[in-house]
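Undergrad:
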Amino acid sequence: MGKPSLVEMTVVKVSPYLREDRPLVWLSEKQGEQPRLLPIAIGEFEAAAIQMQLENDEPIRPISYDLLSSMLDCLTIGVRQVVIHNVRRSIYYAKVVIEKDRSIKDIDSRPSDAIALALRTSSPIYVSRELLDKVGLEPLETELDIEHTLDRFYELEPQISEPLNPEAEAANISVPLPQFEGTGEAVEEEKDELTLLQHQLQQAVLCEEYEEAARLRDAIETLANRPQS
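Residue numbers 838 to 1066, in my numbering, belong to the letters of the sequence shown in order.
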């Protein structure tokens, strides 16, 4: 009996979009002793929407994916699964498989939108085995831990991209890490405050609370420019 043509994946994490030019969503094989990883570069809004769902973080007001999920539920349309099935010129292609009255249809989608919707409808996420065999990131025998594999990926800095529109070109992925000078509790408290403000800014932008977003942006700039004692 041959291997199934689709491989079920789980969403491992989203690289914080405030720390890099293009955020990455990381998928991992659900089964297997050495699960392969598939990183896909996505947009900031989509990354934030996925991250919020992973953390069970309720938005101030429903965002587009919440609205779509509620509409599908009201119309008794089920999301059977989402499938990332192809990549051409560094552009990934996905589809959302929906069911209504025993009729099944495939809807073309960007992977980021499909993943964000799947998380909200508790639907399985699949990648075609052929695609995963071609572009999946395999852990080294000495690096079975997923975090170690992620670290190795960032060291290699490959170019993997899902453009925001069909005409966009693949982007270089780099991760400039924030630097904090000094040590001690004061710095840790400042880091926590900055992280909280960044999270609140993310929520405000998602919910189109632009006046609040502007206030938070100014607060972040003030905190970031504050001299450390």
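Glycine included, every Cβ here is placed at the ideal spot set by N, Cα and C.
Starting from the N-terminal side, write out each stretch of the alpha helix (DSSP H) that is 4 residues or longer and does not extend beyond the stretch 913-938.
TA: Listed in chain order, there is nothing to give.
Undergrad: Between which residues of its own chain and Glu1049 is the CB-CB distance below 7 Å, once the five residues before and five after are set aside?
TA: The residue you call residue 1049 lines up with position 212 of the sequence shown. Result list for Glu1049: Ala1041, in chain order.
Undergrad: Curious, which full-length beta strand (DSSP E) runs of at least 3 residues does the stretch 851-900 contain?
TA: List check, beta strand (DSSP E) in window: 861-866 and 874-878.
Undergrad: Just checking, does the stretch 888-903 make contact with the stretch 911-918 on the three C-beta pairs under 8 Å criterion?
TA: Taking 8 Å as the limit for Cβ pairs, the verdict is that the stretch 911-918 does not touch the stretch 888-903.
Undergrad: Tell me which residues share the same chain as Arg917 and place their Cβ nearer than 6 Å to its Cβ, disregarding the 5 neighbours each side in the sequence.
TA: Residue mapping note: residue 917 aligns to position 80 of the sequence shown, counting from 1. Excluding residues within five positions, the ones whose Cβ falls inside 6 Å are Val934 and Glu936.
Undergrad: According to DSSP, is Ser842 helix, strand or coil?
TA: Translated into the one-based positions of the sequence shown, residue 842 becomes position 5. Coil at Ser842, not helix or strand.
Undergrad: Along the chain, where does the beta strand (DSSP E) that runs through Ser940 open and close?
TA: Sequence index remark: in the sequence shown, residue 940 carries index 103 (1-based). From DSSP, the beta strand (DSSP E) with Ser940 extends over Ser940 to Ser946.
Undergrad: What residues in its chain sit with their C-beta under 6 Å from that of Gln1037, if we drop five residues either side in the sequence?
TA: Residue mapping note: residue 1037 aligns to position 200 of the sequence shown, counting from 1. The residues are Leu1053.
Undergrad: Specify the secondary structure class of Ser906 as computed by DSSP and reduced to three states.
TA: Indexing the sequence shown from 1 puts residue 906 at position 69. Of the three classes helix, strand and coil, the one that applies to Ser906 here is helix, per DSSP.
Undergrad: Could you check whether Leu974 and Leu874 sit closer than 8 Å to each other, using their CB atoms as the reference points?
TA: Taking the first residue of the sequence shown as 1, we reach residue 874 at position 37. Taking the first residue of the sequence shown as 1, we reach residue 974 at position 137. In contact: Leu874 and Leu974 (Cβ atoms closer than 8 Å).
Undergrad: So what's Ser949 in DSSP terms, helix, strand or just coil?
TA: Reading the sequence shown from its first residue, position 112 is the one you call residue 949. DSSP places Ser949 in helix when its eight states are reduced to three.
Undergrad: From the DSSP output, in three-state form, read off Leu993 for me.
TA: Taking the first residue of the sequence shown as position 1, residue 993 is located at position 156. Note on Leu993: pLDDT 49, under 50, position unreliable in the model; the coordinate value appears next. Three-state result, Leu993: helix.
Undergrad: In terms of residue numbering, what span does the alpha helix (DSSP H) encompassing Arg1063 cover?
TA: Taking the first residue of the sequence shown as 1, we reach residue 1063 at position 226. Here Arg1063 belongs to no alpha helix (DSSP H), and DSSP marks it neither H nor E.
Undergrad: From what residue to what residue does the beta strand (DSSP E) around Ser965 run?
TA: Translated into positions along the sequence shown, residue 965 becomes position 128. Start and end: Ile962 to Ser965.
Undergrad: Within 10 angstroms of its Cβ, does Met846 collect 16 or more other Cβ (buried), or is it exposed?
TA: Within the sequence shown, numbered from 1, the residue matching residue 846 stands at position 9. Under this definition Met846 is a buried residue.
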